[in-house]
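Chemist: In this text, residue positions in the sequence shown follow our numbering: the first is 667, and each later residue adds one.
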Amino acid sequence: MSEPIFERFYDEYGPEKICYVHEPRVGMRGIAVIDNTAAGPAIGGIRMAPDVTTEEVFRLARAMTWKNALAGLPHGGGKSAIIANPKAPNKETLIRHFARSIEALRGYIPGPDMGTDETAMAWVRDEIGRSVGLSKVLGGIPLDQIGATGFGCAICAEVVQEFAEFDLKGARVSIQGFGNVGQHAARFLVERGAILVTATDLDGTVHDLDGIDVEELVKLKETSGRVTDYPRGKKLGRGDFIDLPCDIFVPAARPDVIDRTNALQLDCKAVVQGANIPITKEGERILHDRGIISVPDFVANAGGVICAAVEYQGGTQRRAFETIEEKIRENTTEVLTLARKYKQMPAEAALTLAKQRVAEAMNYRRT
Ligand code: NAD
667 MSEPIFERFY DEYGPEKICY VHEPRVGMRG IAVIDNTAAG PAIGGIRMAP
717 DVTTEEVFRL ARAMTWKNAL AGLPHGGGKS AIIANPKAPN KETLIRHFAR
767 SIEALRGYIP GPDMGTDETA MAWVRDEIGR SVGLSKVLGG IPLDQIGATG
817 FGCAICAEVV QEFAEFDLKG ARVSIQGFGN VGQHAARFLV ERGAILVTAT
867 DLDGTVHDLD GIDVEELVKL KETSGRVTDY PRGKKLGRGD FIDLPCDIFV
917 PAARPDVIDR TNALQLDCKA VVQGANIPIT KEGERILHDR GIISVPDFVA
967 NAGGVICAAV EYQGGTQRRA FETIEEKIRE NTTEVLTLAR KYKQMPAEAA
1017 LTLAKQRVAE AMNYRRT
C-alpha cells in the first residue's frame, strides 16, 4: 500500500521523492522533497522553522518546479526543511547533520531560504560538496547583496509597460515590504526613471507624491529600521497603502496580502509580484477583471534562482545580471502575450507554459 502522505501529493509531475531524516543524538529532524528533475537536478532552498510541515515543503518544491521550468533553467524543483528554530544555539550542528543526511539525494542542490543564509550554505557545501547561494570567497555570487530578485522585478516592469498603459519613465511605484527584494526593486526601478511614491514595512507606510529618495530610505532602514522615520511625506498605517494611487505595485513581503476583500481597492495599473504568493486566487481574478496586469511570482521573482543557477555553473556576477535580464524579459513577454491572446490571467498562462515545459522535458526520460 502507498504511504498516505504520498497519496495526498502525487500527480503526473511529482513528487519524485519525499524524504524524512532524523538524528536523535542532536535533535535534528528534517524533510526533503524532490518534486521533479526532468530538466536537471532540483534547486531549492533549505527552510529552517519550528512549525514547517511536509505539505508546506511539497508546495514550495512544486513552486520551484514551475519557477525553474519557466525560467528555462537546466534544473528541476525541490525544497527541504529543518524543523527547528533558526535561532537555535546548535544551528550549525543541526545544519551539518541535515546536510549529511541528504547527501545521497544527488538530484537536489540546496540553497538558502527562510532561516538559512550564505553561512549555512557554506556549512552544507563543506559537508556534502554542493550548495548554491555561497559567499564570494567560496566562488558564490551574493544574490541578496547584488539585488538579483529586485533587479528581475524591474526588468519585468520594463516589459509590463508595453502591455499596460503607462511609461516606466515617470511611473509611480508603490512597494509593500521594504526588505531585500523591495529595496532593490525600488532602486532598479528608479534607475529606469520611475518614482517611488509609497513604501510600507511592518511599522507603517510612507507616501510622498514628490518622490521618496530610495537611497535615503534604504539608509534609514539600516539605522532606525522603519520607513515611517523618513523625514518627508505622509505617514500612514501598515495597511493604508492599498488605495494610494500608483502605476506599479510591488508586493514584497508576506503571502496573501491581496485577497478578495481588498483587491477592489488596489489603485494601480500593474502588479509585479516580488514576494511569493502575495495574492490569493480570488484576489488575482478580481484584479484581472478590473484590467490590472498582475505578473505572477514565479515569473517576476525568478531573479534569485537564476542567479543561483549561474553560480552553480561557475558563472560571474556580470553573467548573472545578463542572464536574469534575458530570461525575465523573454518569459514576461511570452506570458503576457499568451495571456492577451487567450484572454487569460497571466498566472494561468504562466502555469500552462511551465507545465508544457516540464512535460516536454519529461518526454526525454527513460520509461
Ligand atoms: P526581507 O525579510 O528582507 O523583507 C521583508 C520586508 O517586509 C521587511 O521590510 C518587513 O518589514 C516587511 N514586512 C513583513 N511583514 C509585513 C507586513 N505585514 N506589511 C508590510 N511589510 C511587511 O525578505 P525578502 O528577502 O525581501 O523577501 C520578501 C518576499 O520575497 C518573501 O515572500 C520571499 O519569499 C520572497 N522572495 C525573496 C527572494 C530573495 O531573493 N530574497 C527571492 C524570491 C522571492
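Where a beta carbon is used, it is the ideal one built from N, C-alpha and C, also for glycine.
Check whether the Cβ atoms of V790 and S801 sit closer than 9 Å, and answer yes or no.
Modeler: Residue mapping note: residue 790 aligns to position 124 of the sequence shown, counting from 1. Residue mapping note: residue 801 aligns to position 135 of the sequence shown, counting from 1. Not closer than 9 Å, so no.
Chemist: Could you say if the region 963-974 and the region 802-816 meet the contact criterion of at least three C-beta pairs nearer than 8 Å?
Modeler: Yes, since at least three Cβ pairs between the region 963-974 and the region 802-816 fall closer than 8 Å, the two stretches touch.
Chemist: What's the call for Y679, buried or exposed, on a 16-neighbour Cβ count within 10 Å?
Modeler: In the sequence shown, counting from the first residue as 1, residue 679 sits at position 13. By the 10 Å Cβ count, Y679 comes out buried.
Chemist: Go through its chain and collect everything with a Cβ distance to L739's Cβ below 6 Å, but skip five positions before and after it.
Modeler: Position 73 of the sequence shown holds residue 739. Around L739: A975.
Chemist: How long is the line joining the alpha carbons of M667 and G696, rounded to whole angstroms?
Modeler: Residue mapping note: residue 667 aligns to position 1 of the sequence shown, counting from 1. Residue mapping note: residue 696 aligns to position 30 of the sequence shown, counting from 1. Because the pLDDT at M667 is just 45, under 50, the model does not fix this residue reliably, and the point stays unresolved.
Chemist: Over what stretch of residues does the alpha helix (DSSP H) that includes N1029 continue unbroken?
Modeler: Counting from one through the sequence shown, the residue named residue 1029 turns up at place 363. Taken as a continuous stretch (DSSP letters only), the alpha helix (DSSP H) holding N1029 covers P1012 to N1029.
Chemist: With a threshold of 8 Å, are at least 3 pairs of Cβ atoms found where one atom belongs to the region 748-757 and the other to the region 999-1015?
Modeler: Segments in contact, no.
Chemist: For the region 777-838, list the alpha helix (DSSP H) runs that are entirely contained and at least 4 residues long, ordered along the chain.
Modeler: Complete alpha helix (DSSP H) runs here, min 4: 784-794, 809-812 and 814-829.
Chemist: Along the chain, where does the alpha helix (DSSP H) that runs through K1007 open and close?
Modeler: The count along the sequence shown starts at 1 and reaches residue 1007 at position 341. First-last of the alpha helix (DSSP H) with K1007: Q983 to K1007.
Chemist: If you reduce the DSSP assignment to three classes, tell me which class K935 lands in.
Modeler: In the sequence shown, the residue the question calls residue 935 occupies position 269. It is coil, neither helix nor strand.
Chemist: Please classify L886 as buried or exposed, where buried requires at least 16 other C-beta atoms within 10 Å of its C-beta.
Modeler: For the purposes of this step, residue 886 is taken as the residue at position 220 of the sequence shown. Looking at its Cβ environment, which holds 16 or more other Cβ atoms inside 10 Å, L886 is buried.
Chemist: Residue range of the beta strand (DSSP E) that N846 falls in?
Modeler: As a position in the sequence shown, residue 846 is number 180, starting the count at 1. That residue, N846, is in no beta strand (DSSP E); its alpha helix (DSSP H) goes N846 to E857.
Chemist: Taking its Cβ as the centre, do 16 or more other Cβ atoms sit within 10 Å of K757, making it buried, or is it exposed?
Modeler: Taking the sequence shown and counting its residues from 1, the one referred to as residue 757 is at position 91. Flag for K757 reads buried.
Chemist: Would you check if the region 952-959 and the region 974-994 touch, i.e. whether three or more CB-CB distances between them fall below 8 Å?
Modeler: No: fewer than three Cβ pairs fall under 8 Å.
Chemist: CB-CB under 6 Å to G891, same chain, minus the five flanking residues each way: which ones, in chain order?
Modeler: The sequence position of residue 891 within the sequence shown is 225, counting from 1. Closer than 6 Å at the Cβ level, and outside the excluded window around G891, lies no residue.
Chemist: Less than 8 Å between the CB atoms is what I'm expecting for V880 and L862, so what's the real figure, rounded?
Modeler: Sequence index remark: in the sequence shown, residue 880 carries index 214 (1-based). Sequence index remark: in the sequence shown, residue 862 carries index 196 (1-based). Indeed, because the Cβ distance is near 6 Å, the residues count as touching under 8 Å.
Chemist: Which residues share a DSSP beta bridge with T871?
Modeler: Counting from 1 along the sequence shown, the entry for residue 871 is found at position 205. BP columns for T871 point to T866 and L902.
Chemist: What does C685 pair with, by DSSP beta-bridge criteria?
Modeler: Residue mapping note: residue 685 aligns to position 19 of the sequence shown, counting from 1. Its beta-bridge partners are A698.
Chemist: Is R926 buried or exposed, if buried means 16 or more other CB atoms sit within 10 Å of its CB?
Modeler: In the sequence shown, residue 926 corresponds to position 260, counting from 1. That one is exposed.
Chemist: Check the DSSP bridge columns for R713 and list the partner residues they point to.
Modeler: The residue given as residue 713 occupies position 47 in the sequence shown. Beta-bridge pairing links R713 to A747.
Chemist: Report back the beta-carbon spacing between G940 and G870 to the nearest angstrom; my notes put them in contact at under 8 Å.
Modeler: Reading the sequence shown from its first residue, position 274 is the one you call residue 940. Reading the sequence shown from its first residue, position 204 is the one you call residue 870. Going by Cβ atoms, the distance from G940 to G870 rounds to 19 Å, so no, they are not a contact pair.
Chemist: Helix, strand or coil for A860 per DSSP?
Modeler: Residue numbering aside, residue 860 sits at position 194 when the sequence shown is read from its first letter. Note: A860 maps to coil in three-state DSSP.
Chemist: Count the other CB atoms, across all protein chains shown, that sit within 10 Å of the CB of E828; report buried if there are 16 or more and exposed otherwise.
Modeler: What you label residue 828 is simply residue 162 of the sequence shown in a count that begins at 1. With fewer than 16 Cβ atoms within 10 Å of its Cβ, E828 is classed as exposed.
Chemist: Let me know if Y774 comes out buried or exposed under the rule of 16 or more other beta-carbons within 10 Å of its beta-carbon.
Modeler: As a first step, residue 774 must be located in the sequence shown, where it is residue number 108. Classification of Y774: buried, given that the 10 Å Cβ count is 16 or more.
Chemist: Which partner residues does V961 have in the DSSP bridge list?
Modeler: Against the sequence shown, residue 961 aligns to sequence position 295. According to DSSP, V961 bridges with V938.
Chemist: May I have the straight-line CA-CA distance separating L809 from I990, to the nearest angstrom?
Modeler: On the sequence shown, residue 809 is found 143 positions in, with the first residue counted as 1. On the sequence shown, residue 990 is found 324 positions in, with the first residue counted as 1. Looking at the two C-alpha atoms, the distance is approximately 11 Å.
Chemist: Looking only at DSSP bridge pairs, what is I924 linked to?
Modeler: Here residue 924 refers to the residue found at position 258 of the sequence shown. I924 is bridged to I945.
Chemist: Excluding five sequence neighbours on each side, which residues of the same chain lie with their C-beta closer than 7 Å to the C-beta of L834?
Modeler: Mapped onto the sequence shown, residue 834 falls at position 168. So the list reads A823, E824, Q827, R858, G859 and A860, once near-sequence residues are dropped.
Chemist: Check S840 in the structure and name its three-state DSSP category.
Modeler: Residue mapping note: residue 840 aligns to position 174 of the sequence shown, counting from 1. Looking at S840 - three-state DSSP - the assignment turns out to be strand.
Chemist: Please name the residue or residues paired with Y774 in a DSSP beta bridge.
Modeler: For the purposes of this step, residue 774 is taken as the residue at position 108 of the sequence shown. Answer is A708.
Chemist: Quick one: residues in its chain with C-beta nearer than 6 Å to the C-beta of P776, no 5 flanking neighbours on either side, listed in chain order?
Modeler: Start at 1 with the first residue of the sequence shown, and residue 776 comes out as number 110. Excluding positions up to five away in sequence, the list reads I712, V790 and S797.
Chemist: Please report the Cβ distance between I943 and D922, rounded to the nearest whole angstrom; I am assuming they are in contact, meaning their Cβ atoms lie under 8 Å.
Modeler: As a working mapping, residue 943 is identified with position 277 in the sequence shown. As a working mapping, residue 922 is identified with position 256 in the sequence shown. Going by Cβ atoms, the distance from I943 to D922 rounds to 7 Å, so yes, they are a contact pair.
Chemist: Which residue wins for smallest C-alpha separation from P917, given the options P897, P962 and V884?
Modeler: Here residue 917 refers to the residue found at position 251 of the sequence shown. The shortest Cα separation from P917 among P897, P962 and V884 belongs to P962.
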